[in-house]
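Here the sequence shown stands for residues 7 to 314, where the numbers follow the numbering used here.
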Amino acid sequence: MSQTPDKPEHVAGEALLEVIEPTSAAASSEIHQVRGPLSWRSELRRQWGRRRTIWAFGLLLVLPLVLVGSFAFGQRSGNSGRGSASSRIFDLAQSGAANFSLVLVFLASELLLVLLAALFCGDAVPSEASWSSLRYLLVAPVQRARLLTSKLVIGIASTLLATVLLPAWGLLVGGIAYGWDPLTNPLGENLTWGQFLPRLALAMSYIFVTLLPIAAIAFWIGTRSDAPLAAVGGAVLVSILLNILDQLDALDPYRNAFPGHYSRAWQDALAVSPDWTDMLHGALWALVWAVGFTMLAYRRFRRSDILS
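Pasting the structure below:
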């Protein structure tokens with residue numbers, strides 16, 4: 007009877023170790039083992055085994071605490087020299103849990119969530135290439151599309167988790183720090199908790215959809231480079247460039263198709279009388295960009311020679 011060799015220690019290219027399973031005597035057992043590699047569960051373990059994932063979610067959890075500390079420090083120092091717009095934002099954030107979570111989402115959706123979406127989806131493939139394990143994964147009995155799909159699904163799932171965690175944690179921190187008052191906007195209009203929570207869920211769903219183009223762009227760049235920083239930084243730079251171009255009135259009406267043109271339309275969902283037109287247009291354009299760049303990523307990955 008052949009003895010099963012011991013598994014090697016966990017290394018950076020651990021995905022390779024999950025593909026190369028010990029050989030068994032029975033053919034049916036061998037076939038059963040081939041079906042297991044690169045499952046979503048194994049990719050999820052690799053995702054959460056990386057320090058950058060832990061640091062990313064740690065930053066997300068620390069941000070509300072930093073805001074609370076900043077507000078408290080500003081009150082103790084008696085700093086009243088801010089402009090009227092900043093004062094209104096700070097006053098709104100400290101009026102209750104609903105307002106605090108809303109201001110937190112407003113601040114984080116502009117850059118932090120964009121960066122996390124690019125990080126989770128753009129780093130997956132280049133990280134394998136930088137570990138020099140990608141070409142070994144591709145000679146295993148696993149299709150390239152399956153390898154790419156497992157990484158894309160976990161990257162999008164991590165982005166969704168960050169999008170849900172941000173307002174939920176903000177509600178808890180804001181409720182402990184400032185009380186559990188319902189939403190009150192600067193015009194004095196109120197939304198009860200029964201109205202606010204479904205609207206907030208809809209707003210976060212829309213924000214998640216608007217993050218998909220950046221995630222897809224980062225994913226596509228990741229299939230063309232073995233440097234994780236190039237994929238993440240490239241997607242963020244594209245987002246910044248599109249936001250700059252979106253400010254040019256001369257590009258009307260073409261700028262309406264930019265992914266970030268309707269990025270703030272989620273605020274319409276929290277109005278007393280919401281208008282869903284901009285959210286509908288923004289979601290449709292975001293899906294068009296996301297599907298297009300995802301198809302480009304699959305096309306590139308299937309046809310390219312991996313030499314890393």
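All residues carry an ideal CB built from backbone N, CA and C; glycine is no exception.
CB residue i to CB residue j, shorter than 8 Å?
i, j, result
"W291", "Y212", "no"
"S107", "G200", "no"
"A104", "Y304", "no"
"A296", "A222", "yes"
"A124", "A224", "yes"
"S245", "A237", "no"
"L218", "A275", "no"
"F264", "D255", "no"
"I220", "V120", "yes"
"L98", "V111", "no"
"N196", "L203", "no"
"T229", "F307", "yes"
Taking the DSSP output, what are the residues bridged to residue i?
i, result
"L189", "L197"
Do you know whose CA, among the options, lies nearest residue i's CA?
i, options, result
"A114", "V131, P70, S156 and K157", "P70"
"F77", "A183, L118 and M210", "A183"
"A130", "L166, I227, L248 and L257", "I227"
"L50", "G161, L65, L243 and P280", "G161"
"L117", "R308, S269 and D281", "S269"
"T155", "G266, L257 and R47", "R47"
"G176", "E195, L206 and T198", "L206"
"T216", "F202, I250, E195 and L166", "L166"
"V171", "R261, F63, N196 and G266", "Just to set this straight, residue 171 is Leu in the shown sequence, not Val. Looking at the Cα atoms, F63 is the closest of the given residues."
"H287", "R261, G298 and F79", "R261"
"G102", "R52, W54, L122 and L178", "L178"
"W2", "F79, H267 and L122", "Residue 2 lies beyond the stretch modelled for the chain, which goes from 7 to 314, so this question has no answer here."
"Q100", "N191, G128, R52 and V68", "N191"
"F214", "W54, L293 and Q53", "L293"
"S164", "W186, G128 and G185", "G128"
Take the Cβ of residue i as the centre, count every other Cβ of all protein chains shown within 10 Å, and call the residue buried at 16 or more, exposed below.
i, result
"T283", "exposed"
"R57", "exposed"
"T300", "buried"
"S86", "Reliability of the predicted coordinates at S86 is poor, the pLDDT of 49 falling under 50, and the value obtained from them is presented with this limitation in mind. Label assigned to S86: exposed."
"S133", "buried"
"P234", "buried"
"V242", "buried"
"T198", "exposed"
"L247", "exposed"
Whole alpha helix (DSSP H) runs in the stretch 201–256 with 4 or more residues, listed along the chain? 234–252
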